[in-house]
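Numbering (our numbering), first residue to last: 2 to 74.
All residues carry an ideal CB built from backbone N, CA and C; glycine is no exception.
One structure below.
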């Protein structure tokens, strides 16, 4: 299983919290790339409830990870 920023961003608007099956259903309904569906299928724990994308990909960058001056724009 591998995540990229582009793949993980497809799940930003998912109905969190969600189970593996709910995330799979969401990914298929929105037409997410096959890599997203494959990554979700590789999750071992079917019963766990995921609160956000960070539960699936702990290294998912947050807004604090991007350093820019908002007043500049």
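By how many angstroms is the C-alpha of residue j removed from the C-alpha of residue i?
i          : j          : result
residue 46 : residue 21 : 8 Å
residue 12 : residue 48 : 19 Å
residue 42 : residue 62 : 22 Å
residue 24 : residue 5  : 17 Å
Provide the residue(s) that pair with residue i in DSSP beta bridges, ordered along the chain.
i          : result
residue 54 : For residue 54, which the question treats as bridged, DSSP gives no partner whatsoever.
residue 5  : Its beta-bridge partners do not exist; DSSP assigns none.
residue 19 : 51
When the distance is taken between beta carbons, is residue j closer than 8 Å to residue i?
i          : j          : result
residue 16 : residue 27 : yes
Review point. If you pair each beta-carbon of the region 49–62 with each one of the region 25–37, do three or more pairs fall below 8 Å?
Key: no
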